[in-house]
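Residues in the sequence shown are numbered from 9 upward in steps of one, following our numbering.
In this text, a Cβ means the ideal position worked out from N, Cα and C, and glycines have one as well.
These numbers were taken from a predicted model, which means no experiment stands behind them.
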Amino acid sequence: MKRATQVLLLLLSVSLASAPAKAEIRLPAIFSDNMVLQQQSQASVWGWAKANSNVTVTCSWDDKSYTAASNGKGYWELKILTPQASYTPYTLTVSDGTPVSLKNVLIGEVWICSGQSNMEMPMKGYYLQPVEGGPDAIAHSYNPGIRCFTLRQSSTTTPQDDCTGAWEVANLQTVPNFTATGYFFGRLLNQALDTPVGLINTSWGGSRIEAWMTPESLKDIPEKPIPATDADIKIANGSPAVLYNGMIKPIAGYGIRGAIWYQGESNRDEPELYVKMFDQMVRGWREIWKVGEFPFYYCQIAPYNYGGGRNSGYIREAQAKGMTTPNTGMAVLMDAESPDGIHPPKKKDAGERMALWALAKTYGMEKVHHRSPEMKSVEIEGRVAIISFDMFGSSSGLTGKGKELLNFKVAGSDKRFYDAKAALLSDKIYVFSPQVAAPVAVRYCFDDTSATELYTVEGNLPVSSFRTDNW
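(1) Among the candidates C121, P233 and S434, whose CA atom is the shortest distance from the CA of I394?
(2) Roughly how far, in whole angstroms, is the beta-carbon of V102 from the beta-carbon of G55, given that I think they are within contact range, below 8 Å?
(3) Output yes if chain B places a C-beta closer than 9 Å to the C-beta of I120; else output no.
(4) Taking the straight line between their C-alpha atoms, what separation do you get for P91 and D202?
(5) Since G263 and S52 are thought to touch, with beta carbons under 8 Å apart, how far apart are those beta carbons, to the nearest angstrom?
(6) Give the DSSP-derived three-state secondary structure of Q137 in the structure shown.
(7) Rounded to the nearest angstrom, what separates A366 and A446 at their Cα positions?
(8) Buried or exposed, going by whether 16 or more other CB atoms sit within 10 Å of the CB of K298?
(9) Only counting runs of 3 or more residues, tell me where the beta strand (DSSP E) segments fall wholly within the stretch 408 to 443, in order along the chain.
(10) Under the rule that 16 or more other beta-carbon atoms within 10 Å means buried, what is A93, buried or exposed?
(11) Between E466 and the rest of its own chain, which residues show a CB-CB distance below 7 Å, the 5 nearest in sequence each way excluded?
(12) Between G206 and M43, which are expected to be in contact by the criterion C-beta below 8 Å, what is the C-beta distance as a whole number of angstroms?
(13) For T210, which residues of its own chain have a beta-carbon under 6 Å away from its beta-carbon, when the five flanking residues on both sides are left out?
(14) If distances are taken between C-alpha atoms only, which option among Q443, T64 and G261 comes closest to I120?
(15) Give the straight-line distance between the Cα atoms of Q327 and N478, rounded to the nearest whole angstrom.
(16) Sorted by chain position, which residues of the same chain lie with C-beta nearer than 7 Å to D348's C-beta, five sequence neighbours on each side aside?
(17) Just checking my contact of K75 with N60 at CB under 8 Å: how many whole Å lie between their CB atoms?
(18) CA-CA distance, M129 and C307?
(19) Assuming Q271 contacts M127 under a Cβ cut-off of 8 Å, what Cβ separation, rounded to an integer in Å, is found between them?
(20) Whose C-alpha, out of S78, K81, K87 and D70, is nearest the C-alpha of P97?
(21) Let's test the definition: count the other Cβ atoms within 10 Å of the Cβ of S346 and tell me whether it reaches 16, buried, or not, exposed.
(22) When you compare the CB positions of G337 and P303, do they come within less than 9 Å of one another, or not?
(23) From the DSSP output, which residues share a beta bridge with N209?
(24) Could you compute how far the alpha carbon of N198 sits from the alpha carbon of E360?
(25) For Y135, count the other beta carbons within 10 Å of its own beta carbon; 16 or more makes it buried, fewer makes it exposed. Which is it?
(26) Hey, would you say A57 sits closer than 9 Å to D170, going by beta carbons?
(27) Can you give me the Cβ contacts of R216 inside the same chain, cut-off strictly under 6 Å, excluding the 5 residues immediately before and after it?
(28) Say whether the stretch 138 to 152 touches the stretch 349 to 357, bearing in mind that this needs 3 or more beta-carbon pairs closer than 8 Å, one atom from each stretch.
(29) Can you tell me whether DSSP reads S473 as helix, strand or coil?
(30) Please specify which runs of the beta strand (DSSP E), each continuous and at least 3 residues long, are wholly inside the stretch 257 to 283, giving them in chain order.
(31) Can you have a look at G116 and say buried or exposed, based on whether 16 or more other CB atoms are within 10 angstroms of its CB?
What follows is the structure, given as structure tokens:
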């Protein structure tokens, strides 16, 4: 019996000696097979290894190696130089003696996609809520040059160093679960630039903007106190900083070109504060990414019958003021044609209108018509109010597409608004109401549900709701 035991122990020792050593390297989920790295940048790579050990990262595009030492807790970080964008699949190898290889890595353009349900909404749609053109887009979606990483939703008061998710290559099986707005954004960039595009989808339906803000950016907003512990979280997707901790912090520093944002419905009752929070959120993200004032493009919310509460014209006005934050741009969705659905099916318009901003302002295609006209001034001539627009380089004027303009209202000094007749001439609107002898203020689509009737001839971009008063 003793002899048999000795033989068994010998066999076990030989087996263990011949088994491959287990790698100590651990990478965050955002670094995985199929990922897209931001082209022509110093891209950060980080992870964990044995404490106080050397870690080497080798890039197959130039066979160059980079080395970093892990700290006492095993954390390490370094930067690698990425080449020009390419559809060539590369390998990234990380080693502390035992290598871990990431395969099918592309170099291209990487964008964060964030917000609430209109960003989260997948290409396959929600229950009884389709994405317009979704089935056809999915059927033609095979494209190794588009990849998407979707973070699992996480709400916490503790800043996280990792998340759950995986990079997926665009095809008929994966695209149904991609963010629809993000996919259409990325698809247009991919086509226009002939460049691989990586989309990082970090979104949560019904979320409030303060949930996405860094704790530092909330310090001078006393109206939004940060919960101290997870037990103090009152709203999983709405309490201040909880989604930043769970869904932004784990990817902060990953090489990106910029971000797109579709949110605002949940904050419609506090438009004045939203202006400040949006600015602080954008600046806070830029601070933690440490790559300068990266572009931040976003969607203005669409008309919808909220059935009470603050007139959503005010939050759309607040969102328009967001463009005072440097290097931002707003896509107008006043033609979403979804007054009874908070999730407009026209996600192609949402994504592609933000992509037009990116093509023009980020990628230098300045002749691309990307910005909707904005009300510039109002003149009063007798009983007629004349609205002028800033056309932002478009010389072809406005069009009502042959329809009567029905959504203008006029008020006198008594602040009572009446339906008005409106006539379009080039880029000016002449507004008149027989019930207002001396007009003082004009409003257009300034309510929950009215959809725009005005577009640019060049670019077919809709005019936003607006008002000339500050009542």
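Reading from the atomic positions:
(1) Answer by Cα proximity: S434.
(2) Under the criterion of beta carbons closer than 8 Å, V102 and G55 qualify as touching, at roughly 7 Å.
(3) Absence of chain B from the displayed structure is noted, only one protein chain being present.
(4) Rounded to whole angstroms, P91 to D202 spans 16 Å at the Cα level.
(5) The beta-carbon distance between G263 and S52, rounded to whole angstroms, is 6 Å. This is short enough to meet the 8 Å contact definition.
(6) In the structure shown, Q137 sits in a strand (DSSP, three-state: E or B).
(7) Spanning the alpha carbons of A366 and A446 requires a straight line of approximately 43 Å.
(8) Residue burial is scored here from C-beta neighbours: K298 has fewer than 16 other C-beta atoms within 10 angstroms and is therefore classed as exposed.
(9) If one requires a minimum length of 3 residues, the beta strand (DSSP E) runs lying completely within the stretch 408 to 443 are 416 to 419, 425 to 427, 429 to 433 and 436 to 440, in chain order.
(10) Buried, because 16 or more other Cβ atoms sit within 10 Å of the Cβ of A93.
(11) Same-chain partners within the cutoff: H377, S402 and S404.
(12) Cβ-Cβ separation between G206 and M43: approximately 7 Å, consistent with a contact (criterion under 8 Å).
(13) Excluding sequence neighbours, T210 sits near S122, L159 and M255.
(14) Minimum Cα distance to I120 is reached at G261.
(15) A direct Cα-Cα distance of roughly 16 Å separates Q327 from N478.
(16) Excluding sequence neighbours, D348 sits near N313.
(17) Inspection of the sequence shows that residue 75 is occupied by Thr rather than by Lys. Rounded, the Cβ-Cβ distance is 14 Å, inconsistent with contact.
(18) Distance between the alpha carbons of M129 and C307: 14 Å.
(19) Their Cβ separation, rounded to whole angstroms, is 7 Å, which keeps Q271 and M127 in contact under 8 Å.
(20) Nearest Cα to P97 within the set S78, K81, K87 and D70: D70.
(21) Residue burial is scored here from C-beta neighbours: S346 has at least 16 other C-beta atoms within 10 angstroms and is therefore classed as buried.
(22) Closer than 9 Å, so yes.
(23) DSSP lists C121 and T158 as partners of N209.
(24) The straight-line gap from Cα to Cα measures roughly 11 Å.
(25) Label assigned to Y135: exposed.
(26) In this structure, D170 does not lie closer than 9 Å to A57 by Cβ.
(27) For R216, where only same-chain residues beyond five positions count, the Cβ hits under 6 Å are G246, S274 and N275.
(28) Of all C-beta pairs linking the stretch 138 to 152 to the stretch 349 to 357, three or more are shorter than 8 Å, placing the two stretches in contact.
(29) In this structure, S473 counts as coil in the three-state DSSP scheme.
(30) You should have 266 to 270.
(31) G116 should be labelled buried.
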